[in-house]
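Heads up: the sequence shown at position 339 corresponds to 339 in the working numbering, and the numbers run straight through without jumps. Idealized CB from N, CA, C, for every residue including glycine.
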Amino acid sequence: MDAVSTIDLKPIATDKRLAGLWRMMTGYRLTYLAATLGVGLAALAKTGTYLLLGYFVDDVLGQEDYRRVFLVGLGFIGLAAIQGVFTYMGGRLAARTAEGVTLRLRNYLFDHIQRLPFSFHDRSQTGELIQRATSDVDAVRRFFADPVIGVSRIALLFSVNFVALANLNLRLALISTVVMPFVVIMSYLFFKKMSQIYEAYQNQEAVVSTTLQENLTGVRVVKAFARQDHERDKGRRESGEKYRRGRRRVGMHATYWPLSDILTGVQMAVGFGVAGLMTINGTITVGNFLTYVGLVIWLIWPVRNLGRMIVRTSTGLISYDRIAKLVAEDQEPLDEGDYLPDGSLRGEVVFEGVGFEYDDGASVLEDISFRCEAGQAVALLGSTGSGKTSLVNLLPRFYEYTGGSLTLDGVALNRYPRSFLRSQIGIVEQEPFLFSRSMRENISYGVGRDVSDEEVETAARAAAIHETIVSFPDGYDTLVGEKGVTLSGGQKQRVAIARTLLKDPRILILDDSTSSVDTETEGLIRQALRFLMRGRTTFIIAHRIQSVMDADQILVLDKGRIVDHGVHDELMARDGIYRKVYDLQARLEVELEEEMTSA
Ligand code: M5T
Ligand code: MG
Numbered sequence: 001m002d003a004v005s006t007i008d009l010k011p012i013a014t015d016k017r018l019a020g021l022w023r024m025m026t027g028y029r030l031t032y033l034a035a036t037l038g039v040g041l042a043a044l045a046k047t048g049t050y051l052l053l054g055y056f057v058d059d060v061l062g063q064e065d066y067r068r069v070f071l072v073g074l075g076f077i078g079l080a081a082i083q084g085v086f087t088y089m090g091g092r093l094a095a096r097t098a099e100g101v102t103l104r105l106r107n108y109l110f111d112h113i114q115r116l117p118f119s120f121h122d123r124s125q126t127g128e129l130i131q132r133a134t135s136d137v138d139a140v141r142r143f144f145a146d147p148v149i150g151v152s153r154i155a156l157l158f159s160v161n162f163v164a165l166a167n168l169n170l171r172l173a174l175i176s177t178v179v180m181p182f183v184v185i186m187s188y189l190f191f192k193k194m195s196q197i198y199e200a201y202q203n204q205e206a207v208v209s210t211t212l213q214e215n216l217t218g219v220r221v222v223k224a225f226a227r228q229d230h231e232r233d234k235g236r237r238e239s240g241e242k243y244r245r246g247r248r249r250v251g252m253h254a255t256y257w258p259l260s261d262i263l264t265g266v267q268m269a270v271g272f273g274v275a276g277l278m279t280i281n282g283t284i285t286v287g288n289f290l291t292y293v294g295l296v297i298w299l300i301w302p303v304r305n306l307g308r309m310i311v312r313t314s315t316g317l318i319s320y321d322r323i324a325k326l327v328a329e330d331q332e333p334l335d336e337g338d339y340l341p342d343g344s345l346r347g348e349v350v351f352e353g354v355g356f357e358y359d360d361g362a363s364v365l366e367d368i369s370f371r372c373e374a375g376q377a378v379a380l381l382g383s384t385g386s387g388k389t390s391l392v393n394l395l396p397r398f399y400e401y402t403g404g405s406l407t408l409d410g411v412a413l414n415r416y417p418r419s420f421l422r423s424q425i426g427i428v429e430q431e432p433f434l435f436s437r438s439m440r441e442n443i444s445y446g447v448g449r450d451v452s453d454e455e456v457e458t459a460a461r462a463a464a465i466h467e468t469i470v471s472f473p474d475g476y477d478t479l480v481g482e483k484g485v486t487l488s489g490g491q492k493q494r495v496a497i498a499r500t501l502l503k504d505p506r507i508l509i510l511d512d513s514t515s516s517v518d519t520e521t522e523g524l525i526r527q528a529l530r531f532l533m534r535g536r537t538t539f540i541i542a543h544r545i546q547s548v549m550d551a552d553q554i555l556v557l558d559k560g561r562i563v564d565h566g567v568h569d570e571l572m573a574r575d576g577i578y579r580k581v582y583d584l585q586a587r588l589e590v591e592l593e594e595e596m597t598s599a
């Protein structure tokens, strides 16, 4: 496999179509030219064969000149060889370049999609994105493999054959191309219609793949609610729609072919008739007639092939447009920012009247103000949906705050490059995601340097997951996920904690990271964390008071606002939400204990 050069494809978002396609061909233009020359030469060799045939019949046949017969024979063989060799070469070059261009496009999209901001992913469907990166890219590949070269080939064939025909007899040449304008008009209409139909088809294919993808991801929910029938019907409905649109597509083909066949058939009949008469009354020779027949059939061929080219062009262009639309989405500028500290962060965070809303415009955080000294632990407590996750997501700049001021070590947060912030901030997500890789790879993910097995193990111990990992037959090499072991919610959380600890961030964010572990394990993790939290700013989101009561400050959130703020004792002294939650949890625990001892 050749190494594929990479180029920035971003400009295709704003380029005109042709310019964009031309840009995509960067580095392959010469190869394309060679491929076109190859197929062009092969086509010319075939034209040559018919000319030679005419010469053979008129001037060689019937004269007992065996040397010439032999030479003409050699000529036929030579032309056939040229045709074979150049068809092969042209085909290979065309395929190689089409594959190269698409590989580059696919790589670009893969990279591009994962650099798009959260706000983009919030409003797009995975199935649709997958389709753009696969099926649409494939349509573009077919376009590059065939029509791009085919167009010049047809133009070449047409002009050369026409000149050859005109040379034979101008009137005959004109008669033989009289249907061409009709074919062109018909093809244009077909192209227009086909583009529409294909676009509708492609949109529906995206719906089908989204449906499938969602069903696979949510298969547990589907089963748990016994909704298989409902989902099956939904799937059938969407697939049925795709089938109908697909039929319309095939129907278009089915109309185009016979129409173009009839046109070209009439063309040939008229042409052959006229040529036949001309031969009989001696205007042209028998050799001319044979050459004529060969050339006309050879001239009609590209016309017949036009249908396929039109389909591939219209589908290729529609898919190209869909891809360009995706490319137009702005990537998250990772390295943009005018302030880059020399070393690492200290970790002083100051919120002043910070407000935030998601793209949909509903206010999620309002007037958030607090100050967190470097190395402090801040706990966030609040009912579900109160904005805790949204608040901590502002720190790595997953989203941009929309009001107030937010500073880190005294510098506005949005002056730091995102890549720097993310290298300094470790976040254990509320619903951590693990890759289908080994335990070791999952834990050392994103550290950005080689890590020793000891380091991985230390992190795992701190996250209270080491024992679990070594209990698997393959230990740290055990595969996680679809082809490996399925971890419980709590185990996943702990692997995610280990992963973040190993990263050794200056600011540590634990978003409800111990919600799925039992109280005992939580205690273990808390102990380990207490040691690890030392010296780094930590944000802890938790629902259990026990996990937050030691924090240097506790923020109580409600509906996006801070409704209470202080240390445990202060909050307990006030008769607010905190106290209520504490009492409730304490009572529950006592009841639980009583129940267990009485049982
Ligand atoms: C706060 C909305 C959500 C809720 C509010 C993550 C996210 C949230 N929201 C969006 O509109 N888009 C999003 O991508 O924001 O949500 P939160 O910050 O996730 O709340 P929380 O972390 O305090 O809740 P919980 O359940 O994790 O304790 O209205 O609809
Ligand atoms: Mg949350």
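When you compare each of THR407, ASP453 and LEU502 to VAL447 by their alpha carbons, which one comes out closest? What you label residue 447 is simply residue 447 of the sequence shown in a count that begins at 1. That would be LEU502, whose Cα lies nearest to the Cα of VAL447.
Contact the region 78-98 vs the region 33-45: 3+ CB pairs below 8 Å: yes
Between which two residues does the beta strand (DSSP E) carrying ASP564 extend? By 1-based counting over the sequence shown, the position of residue 564 is 564. 561-566 is the span of the beta strand (DSSP E), which, as asked, contains ASP564.
If you run the structure through DSSP and keep just helix, strand and coil, what is GLN553? To locate residue 553, count along the sequence shown from 1; it is residue 553. DSSP places GLN553 in strand when its eight states are reduced to three.
Length of the line joining the Cα atoms of PRO147 and ILE130: Counting from 1 along the sequence shown, the entry for residue 147 is found at position 147. Counting from 1 along the sequence shown, the entry for residue 130 is found at position 130. Distance between the alpha carbons of PRO147 and ILE130 is about 25 Å.
Can you tell me the Cα-Cα spacing of VAL274 and LEU165, whole angstroms? To locate residue 274, count along the sequence shown from 1; it is residue 274. To locate residue 165, count along the sequence shown from 1; it is residue 165. Cα to Cα, VAL274 sits roughly 14 Å from LEU165.
Cβ neighbours of THR402 in the same chain (closer than 8 Å, five flanking residues each side left out): The residue given as residue 402 occupies position 402 in the sequence shown. Here the set comprises GLY355, PHE356 and GLU357.
In the DSSP output, which residue or residues are listed as bridge partners for THR26? If you number the sequence shown from 1, residue 26 lands on position 26. Answer is none; THR26 lacks a bridge partner.
C-beta contact flag for ARG534 and GLN585 at 9 Å: The residue labelled residue 534 in the question sits at position 534 within the sequence shown. The residue labelled residue 585 in the question sits at position 585 within the sequence shown. Not closer than 9 Å, so no.
With distances taken Cα to Cα, identify the nearest neighbour of PHE531 among GLY27, ALA377, SER515 and PRO341. On the sequence shown, residue 531 is found 531 positions in, with the first residue counted as 1. Nearest option by C-alpha distance: ALA377.
For the putative contact between GLY347 and ARG536, defined by C-beta atoms under 8 Å, what is the C-beta separation to the nearest angstrom? By one-based count along the sequence shown, residue 347 stands at place 347. By one-based count along the sequence shown, residue 536 stands at place 536. With a Cβ gap of about 6 Å, GLY347 and ARG536 count as contacting.
Checking the sheet assignment: what are the DSSP bridge partners for ARG371? Indexing the sequence shown from 1 puts residue 371 at position 371. Paired residues: VAL350.
Three-state secondary structure (DSSP) of LEU434: In the sequence shown, residue 434 corresponds to position 434, counting from 1. Note: LEU434 maps to coil in three-state DSSP.
Rounded to the nearest angstrom, what separates TRP298 and THR47 at their Cα positions? Along the sequence shown, read from residue 1 onward, the residue named residue 298 stands at position 298. Along the sequence shown, read from residue 1 onward, the residue named residue 47 stands at position 47. For TRP298 and THR47, the distance between alpha carbons rounds to 8 Å.
Cβ neighbour criterion (16 or more within 10 Å) applied to ALA226: Translated into the one-based positions of the sequence shown, residue 226 becomes position 226. Exposed, since its Cβ has fewer than 16 Cβ neighbours within 10 Å.
Excluding the 5 residues flanking GLN267 on each side, which residues of the same chain have their C-beta closer than 6 Å to its C-beta? Along the sequence shown, one-based indexing puts residue 267 at 267. Result list for GLN267: VAL179, in chain order.
From ASN107 to ILE509, what distance separates their C-alpha atoms? As a working mapping, residue 107 is identified with position 107 in the sequence shown. As a working mapping, residue 509 is identified with position 509 in the sequence shown. Taking the straight line from one Cα to the other gives about 32 Å.
Name the DSSP beta bridge partners of VAL69, please? Position 69 of the sequence shown holds residue 69. None, per the DSSP bridge assignment.
Pairing CB atoms from the region 410-428 with CB atoms from the region 333-343, are three or more of them under 8 Å? yes
With DSSP as the reference, identify every bridge partner of PHE356, one or two as the case may be. Taking the sequence shown and counting its residues from 1, one reaches residue 356 at position 356. Paired residues: LEU365.
Indicate, with yes or no, if the ligand MG has a heavy atom lying under 8 Å from the CB of LYS242. On the sequence shown, position 242 is the one that residue 242 refers to. No.
Here's the rule: buried if 16 or more other CB atoms are within 10 angstroms of the residue's CB, otherwise exposed. What is ASP512? Translated into the one-based positions of the sequence shown, residue 512 becomes position 512. Under this definition ASP512 is a buried residue.
Limits of the unbroken alpha helix (DSSP H) element including GLY287: In the sequence shown, the residue the question calls residue 287 occupies position 287. Here the alpha helix (DSSP H) through GLY287 covers 286-328.
Do ALA551 and HIS568 count as a contact pair if the criterion is CB distance below 9 Å? Position 568 of the sequence shown, counting from 1, holds the residue named residue 568. Position 551 of the sequence shown, counting from 1, holds the residue named residue 551. Yes; because the gap between Cβ atoms is below 9 Å, this pair is in contact.
Across which residues does DSSP place GLY426 in a beta bridge pair? Walking along the sequence shown from the start, residue 426 turns up at place 426. Answer by DSSP bridge pairing, in chain order: LEU508.
Look at LEU277 and ASN161 and say whether their C-beta atoms are less than 9 Å apart. Within the sequence shown, the letter at position 277 stands for residue 277. Within the sequence shown, the letter at position 161 stands for residue 161. No, these two residues do not count as a Cβ contact at 9 Å.
Contiguous alpha helix (DSSP H) assignments of at least 4 residues, all confined to the region 452-504: 453-462, 466-471 and 489-503
Can you tell me whether ASP2 is buried or exposed? The criterion is at least 16 other CB atoms within 10 Å of its CB, across all chains shown. Here residue 2 refers to the residue found at position 2 of the sequence shown. Summary for ASP2: the model assigns pLDDT 48, below 50, so the residue's position carries little reliability; its value from the coordinates is reported in the next sentence. Label assigned to ASP2: exposed.
Using a threshold of 8 Å, is the CB atom of ASP474 nearer than that to any non-hydrogen atom of the ligand M5T? As a working note, residue 474 is residue 474 in the sequence shown. Incorrect: ASP474 has no Cβ contact closer than 8 Å to the ligand M5T.
Based on the DSSP secondary-structure assignment, which residues constitute the bridge partners of ASP569? Against the sequence shown, residue 569 aligns to sequence position 569. According to DSSP, ASP569 bridges with nothing at all.
Can you name the start and end residues of the beta strand (DSSP E) that PHE539 belongs to? Numbered from its first residue, the sequence shown carries residue 539 at position 539. Its beta strand (DSSP E) spans residues 537-541.
Any heavy atom of the ligand M5T closer than 8 Å to the beta-carbon of VAL354? Locating residue 354 in the sequence shown gives position 354, where the first residue counts as 1. No, the ligand M5T has no heavy atom inside 8 Å of this Cβ.
Taking 6 Å as the limit between beta carbons, can you name the residues of its chain near ARG68, skipping five residues before and five after? Reading the sequence shown from its first residue, position 68 is the one you call residue 68. So the qualifying residues of the chain are VAL60.
Looking at the ligand MG, does it come within less than 8 Å of SER389, judged from the CB to the closest heavy atom? Within the sequence shown, residue 389 is the residue found at index 389, counting from 1. For the record, residue 389 in the displayed sequence is Thr; it is not Ser. Yes, the ligand MG has a heavy atom inside 8 Å of this Cβ.
How would you call ASN442, buried or exposed, if buried means at least 16 neighbouring beta carbons within 10 angstroms? By 1-based counting over the sequence shown, the position of residue 442 is 442. That one is buried.
Mapping DSSP to helix, strand and coil, what is VAL137? Residue 137 sits at position 137 when you count from the first residue of the sequence shown. Correct three-state label for VAL137: helix.
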